[in-house]
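Let me begin by presenting the structure, written as structure tokens, before commenting on it.
Protein chains: 2
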Amino acid sequence: MSATVLRIGEVAQRVGVTPRTIRYYEELGLLGSASARDKGAHRTYAEADVGRLQELIRLRDLLGLTLEELLELAEAEEARAVLRGRWEEDPSDEERLRIVEEAIPHVERQLALVRGRQATLDEFARELETKLRRLRRRHRELSS
Amino acid sequence: MSATVLRIGEVAQRVGVTPRTIRYYEELGLLGSASARDKGAHRTYAEADVGRLQELIRLRDLLGLTLEELLELAEAEEARAVLRGRWEEDPSDEERLRIVEEAIPHVERQLALVRGRQATLDEFARELETKLRRLRRRHRELSS
DNA sequence: CGCTAACCTTACGTAAACGTTAGGTTGGTG
DNA sequence: CACCAACCTAACGTTTACGTAAGGTTAGCG
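Protein chains in written order, with my numbering: chain X, 1 to 144; chain L, 1 to 144.
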């Protein structure tokens with residue numbers, strides 16, 4: 001079972017940011033301190049970390065969340081990361097249940113944010129369409 | 001026909017920004033120089049200006065456009081504003097037609113941007129839902 | 001015509017989110 | 001084991017999008 005290990009450059013490229021951004025996010029506490037490495041050593045990441053970072057970037061880009069807002073959202077995630085570590089080793093069913101039970105409301109919150117944004121965007125789109133229809137009608141009237 | 005005239009404070013409050021923001025946008029050329037006033041005189045706005053500013057703010061907030069990107073979008077708008085001035089005075093039908101013909105693709109571009117964002121958001125929402133369904137299934141399995 | 005709140009210009013200040021540079025270290029490869 | 005690309009830390013720099021302060025002016029009201 002070879003757990004492919006990634007370095008910061010790889011990860012950065014995969015999610016479309018620079019290494020600096022990743023270090024900065026780590027500094028802010030957005031990334032779960034990535035398994036204590038000794039001072040000076042290269043950071044290492046797993047595939048799962050790529051996904052988690054992608055998620056943050058999307059929340060930032062699509063919803064315009066600030067890093068501080070992301071931090072709030074990630075705090076629950078933080079705890080999950082600790083638990084996720086245990087998932088790999090000795091997951092009693094009871095523990096698995098707790099992990100899943102923590103993950104659900106977290107994802108639900110993200111979904112709620114996305115839904116909210118979808119709603120306002122829908123409204124905006126409808127207004128633009130109304131405007132467009134009016135303009136087109138006007139155009140027909142004038143070019144008769 | 002009393003064209004209600006607004007001052008910067010009013011406008012700012014209506015769209016939920018500060019006067020400073022409005023002056024800044026004007027400085028960048030995002031607002032059509034608002035009918036040359038003499039140096040030191042108060043800026044004056046019409047109702048239509050409130051709408052145009054609202055539009056910019058929404059594009060900024062909902063799509064995360066930078067002011068420079070807004071500027072590109074507004075350059076066509078710029079020309080429109082000039083034309084719109086004429087609408088008030090002596091609009092021959094031929095001129096009206098040209099104005100409408102310029103306005104249509106402008107609104108279409110905005111709508112295209114919104115559609116694009118809607119699509120990526122839809123995808124994001126679907127992914128989150130899939131994730132959520134998996135988690136819930138897992139939860140049922142574990143709590144049996 | 002005088003008052004004063006709201007405006008004006010100019011200029012410097014600031015927070016967020018990284019970019020960039022300098023000088024040194026690590027770790028996979030031949 | 002020597003090399004060198006990719007990494008490390010620490011620190012200062014930069015851009016965007018305004019905030020804020022100072023000193024003066026305008027314009028609606030009584």
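All residues carry an ideal CB built from backbone N, CA and C; glycine is no exception.
As the structure is a computational prediction, the values presented were derived from the model and not from experiment.
Tell me, please, whether the CB atom of Glu101/L is closer than 8 Å to any CB atom in chain X? yes
Looking at the C-beta of His42/L, does it have a partner C-beta in chain X at a distance below 8 Å? no
Report the partner residues of Tyr45/X according to the DSSP bridge assignment. Leu6/X
Note down, in chain order, each residue of its chain lying with its Cβ closer than 8 Å to the Cβ of Leu71/X, except the 5 sequence neighbours on either side. Leu28, Gly29, Leu30
When burial is assigned at 16 or more other CB atoms within 10 Å of the CB, is Val114/X buried or exposed? buried
With a 10 Å radius around its C-beta and 16 neighbouring C-beta atoms as the bar for buried, classify Tyr52/L as buried or exposed. Correcting the residue type first, residue 52/L is Arg in the shown sequence and not Tyr. Counting Cβ neighbours within 10 Å, Arg52/L comes out buried, since at least 16 surround it.
Within 10 angstroms of its Cβ, does Gln13/L collect 16 or more other Cβ (buried), or is it exposed? exposed
Anticipated Cβ contact below 8 Å, Leu111/X with Leu128/L, distance rounded: 5 Å
Let me check understanding here. Comparing Cα to Cα, which of Gly16/X, Arg23/X, Gly40/X lies closest to Ile57/X? Gly16/X
One question on the structure: do Leu135/X and Ala103/L come within less than 8 Å of each other, judged by their Cβ atoms? yes
Within 8 Å of any Cβ in chain L, is that where the Cβ of Thr120/X sits? yes
Near-chain X residues of the stretch 43 to 57 of chain L - C-beta to any C-beta below 8 Å: none
If you reduce the DSSP assignment to three classes, tell me which class Ala119/L lands in. helix
Here's a check: name, in chain order, each residue in its chain whose Cβ is nearer than 8 Å to the Cβ of Ala46/L, leaving out the five neighbours to either side. Ala3, Thr4, Val5, Leu6
With a cut-off of 8 Å, does the C-beta of Arg20/X fall near any C-beta of chain L? no
Buried or exposed for Arg204/X, please, with buried defined as at least 16 other CB atoms from any protein chain shown within 10 angstroms of its CB. Any property of residue 204/X remains undetermined from this structure, which presents chain X solely from 1 to 144.
Note down, in chain order, each residue of its chain lying with its Cβ closer than 8 Å to the Cβ of Leu67/X, except the 5 sequence neighbours on either side. Tyr25, Leu28, Leu30, Arg60
For Lys39/X, the three-state DSSP class (helix, strand or coil): coil
Under the rule that 16 or more other beta-carbon atoms within 10 Å means buried, what is Arg109/X, buried or exposed? exposed
If you reduce the DSSP assignment to three classes, tell me which class Pro19/X lands in. helix
Mapping DSSP to helix, strand and coil, what is Thr66/L? coil
For His139/X versus Glu101/L, is the C-beta spacing smaller than 8 Å? yes
Have a look at Gln54/X, Ala36/X, Arg96/X and flag the residue whose alpha-carbon is nearest the alpha-carbon of Ile22/X. Gln54/X
Cα separation between Leu62/L and Leu63/X? 8 Å
Compare the C-beta of Arg23/L against all C-beta atoms of chain X and say whether one is closer than 8 Å. no
Checking contacts by CB at 8 Å: is Leu62/X closer than that to chain L? yes
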